[in-house]
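> Handing you this structure, nothing more for now.
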Amino acid sequence: MHRRDLRAVREARGFVPEHLDDWGLADMSDDLTLITSELVTNALVHAGSDVDVRLRVTGDRLRLEVRDADADPSVPAAYSLTEEGSARAEHGRGLYPVDAPAHTWNTSPSGRGKTGWLEMGIPGADGETG
16 MHRRDLRAVR EARGFVPEHL DDWGLADMSD DLTLITSELV TNALVHAGSD VDVRLRVTGD
76 RLRLEVRDAD ADPSVPAAYS LTEEGSARAE HGRGLYPVDA PAHTWNTSPS GRGKTGWLEM
136 GIPGADGETG
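Take 16 as the starting number for the sequence shown in the numbering used here and just add one per residue.
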């Protein structure tokens, strides 16, 4: 996906359900599509670079990776009821929907940038209930 081209978010949103359906994991599609949309939008807007999206199944986990060229980690911003606090928290609020369904998520250095990644348990795999 090309830098600052927010039309690529639609492409990423289509990529997810297509692969999950192929893998028999269509029931995970809604949550993961929303999460992908948030992470890709964040990377396109803030990193100013091209973005790569990967999905992987490893054992009882599904892993989503979004790679960009910005080395700074993604940090969720707190909600605020004051105008000043809201201005400071303008960015980063989209990371909260990432945290909710994810088993674990973080960012890792990746060459000249970072990879934001998350893992979700696969429902039914090793007792996981989704």
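Note that CB positions come from ideal geometry on N, CA and C, so glycine has one too.
Taking the alpha-carbon positions, what's the W132 to L47 distance?
Position 117 of the sequence shown, counting from 1, holds the residue named residue 132. Position 32 of the sequence shown, counting from 1, holds the residue named residue 47. When rounded, the distance between both Cα atoms is 12 Å.
> Per DSSP, what are the beta-bridge partners of R82 in this structure?
Position 67 of the sequence shown, counted from the start, is the residue given in the question as residue 82. DSSP lists D67 and T130 as partners of R82.
> In three-state DSSP terms, what is L21?
On the sequence shown, position 6 is the one that residue 21 refers to. Look at L21 here: in three-state DSSP terms it is coil, with no helix or strand label.
> Helix, strand or coil for G145 per DSSP?
Along the sequence shown, one-based indexing puts residue 145 at 130. Residue placement at G145 cannot be trusted, given a pLDDT of 48 that sits under 50; what the coordinates show is reported in the next sentence. Of the three classes helix, strand and coil, the one that applies to G145 here is coil, per DSSP.
> Keeping to the same chain, check which residues put their C-beta closer than 8 Å to that of G128; ignore five residues upstream and five downstream.
In the sequence shown, the residue the question calls residue 128 occupies position 113. Counting only Cβ-Cβ distances below 8 Å, and skipping sequence neighbours, we find A62, S64, R82, D83, A84, D85 and A86.
> Let me know the secondary structure DSSP gives P32 once reduced to three states.
Position 17 of the sequence shown, counted from the first residue, corresponds to residue 32. Of the three classes helix, strand and coil, the one that applies to P32 here is helix, per DSSP.
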